[in-house]
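Chains A and B supply the protein sequences, listed in that same order. Using full-length UniProt numbering, you'd call the opening residue of the first sequence number 1 and step up by one each time. Using full-length UniProt numbering, you'd call the opening residue of the second sequence number 1 and step up by one each time. Virtual Cβ for every residue (Gly too), placed ideally from N, Cα, C. What follows is a short report on a single structure.
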Amino acid sequence: MAQPLVKKDDDRDDEAEYSPFMGIEKGAVLQEARVFNDPQLDPRRCSQVITKLLYLLNQGETFTKVEATEVFFAVTKLFQSRDVGLRRMLYLMIKELSPSADEVIIVTSSLMKDMNSKTDMYRANAIRVLCRITDGVLLTQIERYLKQAIVDKNPVVASAALVSGIHLLQTNPEVVKRWSNEVQEAVQSRAALVQFHALALLHQIRQNDRLAVSKLVTSLTRGTVRSPLAQCLLIRYTSQVIRESASNSQGDRPFYDFLEGCLRHKAEMVIFEAARAITELSGVTSRELTPAITVLQLFLSSSKPVLRFAAVRTLNKVAMTHPMAVTNCNIDMESLISDQNRSIATLAITTLLKTGNESSVDRLMKQITNFMSDIADEFKIVVVEAIRSLCLKFPLKYRALMNFLSNILREEGGFEYKKAIVDSIVILIRDIPDAKESGLLHLCEFIEDCEFTYLSTQILHFLGIEGPKTSDPSKYIRYIYNRVHLENATVRAAAVSTLAKFGAMVDSLKPRVFVLLRRCLFDSDDEVRDRATLYLNTLGGDGEVVETDKDVKEFLFGALEIPLVNLETSLRNYVASEEAFDINSVPKEVKSQPLAEKKAPGKKQPTGLGAPPAAPPSTVDAYEKLLSSIPELASLGKPFKSSAPTELTEAETEYAVNVVKHIYDRHVVFQYNCTNTIPEQLLEEVSVVVDSSDAEEFSFVLSKPLRSLPYDSPGQTFVVFEKPEGVPAVGKFSNTLKFIVKEVDPNTGEADEDGVDDEYQLEELEVVSADYMQKVGVSNFRNAWESLDADLERVDEYGLGPRESLAEAVNAVISLLGMQPCEGTEVVASNSRSHTCLLSGVFIGNVRVLARLQFGLTGPKEVAMKLAVKSEDIAVSDAIHEIVASG
Amino acid sequence: MALSSFRDACPTVKNILLLDSEGKRVAVKYYSDDWPTNNSKLAFEKALFTKTMKTNARTEAEITMFDNYIIVYKFIQDLHFFVTGGDDENELILAAVLQGFFDSVALLLRNNVDKREALENLDLIFLCLDEIVERGMILETDANVIAGKVAVNSMDPAAPLSEQTISQALATAREHLTRTLFQ
């Protein structure tokens, strides 16, 4: 262990803080810069002054315009000196001063002279300086020299020109593009770094030409690239080519062999770049992944922290999509939990949490508890999030995980960290019914000593919704009423609302709640008093035990069905007018589409306290609101299920459209979310024409076009189909977007009067059996299974034919049925020859369905399955078998 | 900056920092607009220094992730070396840049690597930074090459003696003499 340098001489102790720049002052240094004007230049002295100037700039000192100009002019005098060291400092100084255009002219000729000097060092540096300060006009003058420099036999000169080219490409692309031939020659250079710089520039010149990039990659992957850095670049370009050609290729992936070959390169940076590229291939198979995982696993036990970090970070990402592929590394990963480097330890923990199975949860939790105290908040948040998803995966383990969360909730921590924990507990309470009571109590204890007003109010709100539904709501009252005594006005007001909710929902508590609310009438804050008065009056505060009117409950605690923006506008109008305010006059139509931002995560990523808990899975609720706000659709009733959005256009096309399928008992509604990505266009009368000739059981009912679709503000159009009631009809639909285009003047934002009819082909969409199934889990599958009568069970066996792996077969069946895997049974242990998977869901008609799937390998890659289905309706059990039989 | 916005682009260095054992600047170089003001730069340096000061980065380079940046770092005596890259950057490439910087400074300071020596040869450190990265693009990572480019001898070898004026020749001779005397 090296200590800070111990000075040997005693007399140096006093000046331990000695610095050659001690007491340095800008004014004095600027004075000193006069030596640049001396007729007899002293190169050493001048170098020292430049160093001082650079030091000042480096410490954050700034020169005024006048000072900078003076220094610049003085510095230019130094071109007279032939001292190489001074010249180098001079170059640095010019770059640092970044002179203005009229000043540049002064040094141009000197620099151009240096650019053609016999000294390589002068040439290289002069090129860099000149290209840094040059403008377009000057560039054309020196272009000829730059082209020569690119193929200069001195690698430093060639690199200087190439790197300058990379920067100039941003400002003067048309000039740099003319250098292609020279750059191409430089790619073949024997000097490693020249090759790297040339390749980078060549790719940037051609990056918009897919074919050219593809050709470049093809030729270079066959040849030899000497520099590891250049090889890394080539790997990046190769992945880009793979990505872009992915859609049209079948069978073996092009260039995969090249990437795999790079895993055996001698430079670690190349091995890692290749491994990372492989793990990021879209739709990567486990066969393709294996070699990459193997080298990353080796890195895990390296003595170099950087290598361990790089490997564990990449494996962590892989674990999100392919947890099984990473399980082989679990032993190495566990030893990293005690790694000195806390970033590595955290990544290892979260990876293990993603790949672990039910039996390892307790052991992991023990290790994590020891380690939580000495990591930073940001890492703790990562761990908390990982634990939340683990808990949702293994609901039976909720006790251990909930305890862990409540323990860390009690410890010190910042707002973001506490919020992450509270959000996690809220989500667990919502998704795991057994965890509700203990979770609510943990939250109650937390608000007894919570320094964050936001969290207190959110928790109180949540308590008001969940508390009255528990077996013994009265035990929460104490915690809530304590808030009225001890907290600030915001929290007190929230506590009053929560109390009122208990009073409204639980009739037996009403008299006691009224007593407490009456005390709040004397609060020092008007909001608290107002709320108490309102609740007492609307709930009937005369102390009688009466059932609260449903309308009152709806009025006080129901969700506000009106977009806040619309309400605000209406209220503004009201303030200015004489008329009485009528809430019903506020328009309910949502102006901009809030769903577009949320897209895919849907149900799977609960949003915690951020979204009001009154609307549990927020997406579904938002859909419901949207649908019920449209009269034609509201009459259909409530949708049974809304699918995740499916993209019907490729990314970055003119119009982005995705579709959400809403399934009703007798209807299907397609909600097309459209976005216009062209600023110069306004689309009107947007509708989707659907051809249902491949979907015989469906008949067209109506289409609701979108009146106008301005740039970048998403809107929806709907199409409704009728189908036989309760039948899981399937079919394919082809879609065409129809609209009227109007040109928009980009300056004024006004649209032309006249529009042109146009249409745009969208991709097909399909209604599949899984659309009729809600993913609803059960926390104890065995209990649920046994509670259903044995008569309702249907068992059959199926051969699934040759499959890539057992895991692949399991996943295929799960996605075919669209059911929720329970108790983590969707994860197949590697090398196992059989597997049991438990699924649960609710089928159209609100019929609960449970399925037990037993998979086994019968031959090489041949998979057989025994499927046992139980549901509340025997016909549904049969229907599930039919789906599998036909799927 | 189009350069740093996507992975397909070149490896990009966001900054190189050389701080002392109290987190003060010895020499720093920023190549990215992520820190537009001197205050934001100082804040970054302070946060980074506090976060890393207790770690042992003396035998092997260490690494951390912070504010969505990857930072590799190494300490020697009272000097702390840092190289920062985007959070998508290949960590090993950043480590190569750090190693190049660290080793070339050691070569230039003849293995007396501490703050005092670094400040006394600050011109060499600035030149060194200039030879490693140009506006975020890696120029060179081989310490021997970097140090070789920085430590050129003082006279222009290409200039014939006849072109020098008498006074210049005298100045050169005088300087030569003082150097030999003081060595």
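Between H881/A and chain B, the shortest Cβ-Cβ separation is not below 8 Å. Contact check for H461/A and A494/A: beta-carbon distance about 6 Å, within the 8 Å limit, so the pair qualifies.
Listed in chain order, the non-local C-beta contacts of R243/A below 7 Å within the same chain comprise S282, local neighbours out to five positions each way being set aside. Listed in chain order, the non-local C-beta contacts of E632/A below 7 Å within the same chain comprise L702 and K704, local neighbours out to five positions each way being set aside.
Below the 9 Å Cβ cutoff, chain A contributes N58, Q59 and G60 as neighbours of R25/B, in chain order. Close CB contacts of Q195/A within its chain, under the 8 Å cut and outside five residues either way in sequence, are with A186, V187, Q188, S189, V225, R226, S227 and A230 (chain order).
Counting other Cβ atoms within 10 Å of its Cβ, L211/A stays below 16 and is therefore classed as exposed. I166/A reaches chain B at M137, counting residues in chain order whose Cβ is nearer than 7 Å. Assigned with DSSP and collapsed to three states, K54/B falls in coil, not helix or strand. In the DSSP assignment, I71/B falls within the beta strand (DSSP E) that extends over Y69 to I76.
A direct Cα-Cα distance of roughly 6 Å separates V156/A from A124/A.
Residue range L79 to G86 is occupied by the beta strand (DSSP E) that includes H80/B. Of the residues assessed, P746/A falls on the exposed side of the cut-off, its CB having fewer than 16 other CB atoms within 10 angstroms.
Considering only beta carbons, the part of the segment 85 to 101 of chain A lying closer than 7 Å to chain B consists of G85, R88, M89 and L92, in chain order.
Where E793/A is concerned, the enclosing beta strand (DSSP E) starts and stops at E793 to P802. By the rule that beta-carbons nearer than 8 Å mark a contact, K54/B does not touch chain A. In the DSSP assignment, D757/A falls outside any alpha helix (DSSP H) and lies within the beta strand (DSSP E) extending over V756 to Q761. By a beta-carbon distance limit of 8 Å, S301/A does not contact D339/A. Their separation comes to about 11 Å. When only Cα atoms are considered, S19/A and V241/A end up about 54 Å apart. When G85/A, E143/A and E103/A are compared, the shortest CA-CA separation from M121/A is found for G85/A. Around R132/A, the same chain offers K95 as residues with beta carbons nearer than 6 Å, after the five sequence neighbours per side are excluded. S840/A is bridged by DSSP to Q820/A and L850/A. Note on geometry: alpha-carbon atoms of S373/A and R519/A lie some 43 Å from one another. In this structure the segment 418 to 428 of chain A lies against the segment 387 to 398 of chain A, because at least three pairs of beta carbons, one per stretch, are closer than 8 Å. Going by DSSP, S214/A is part of the alpha helix (DSSP H) stretching over R210 to R222. Closest by C-alpha distance to T238/A, out of R222/A, L146/A and V217/A, is V217/A.
Among the residues of the segment 18 to 38 of chain A, those with a Cβ less than 7 Å away from any Cβ of chain B are Y18, S19, P20 and F21, in the order of the chain. Under the three-state reduction of DSSP, D20/B is assigned to strand.
Cβ neighbours of K52/A within its own chain (closer than 6 Å, five residues either side excluded): V29.
Those residues of the segment 116 to 144 of chain B placed with their C-beta closer than 7 Å to a C-beta in chain A are R116, L119, E120, L122, D123, F126, L127, D130, E134, R135, M137, I138, L139 and E140, ordered along the chain. Contact of N341/A with chain B by beta-carbon distance below 8 Å involves T55, E62, I63 and T64. DSSP places L857/A within a strand segment (E or B) once states are collapsed to three. Residue range E62 to F66 is occupied by the beta strand (DSSP E) that includes T64/B. With contact defined as three or more Cβ pairs closer than 8 Å, the segment 667 to 685 of chain A and the segment 780 to 788 of chain A are not in contact. Separation of the CB atoms of R803/A and V884/A is rounded to 15 Å, and the pair is thereby denied contact status at 8 Å. Taking D691/A as the centre and dropping the five residues before and after it, the same chain places the C-beta of S734 closer than 6 Å to its C-beta, in chain order.
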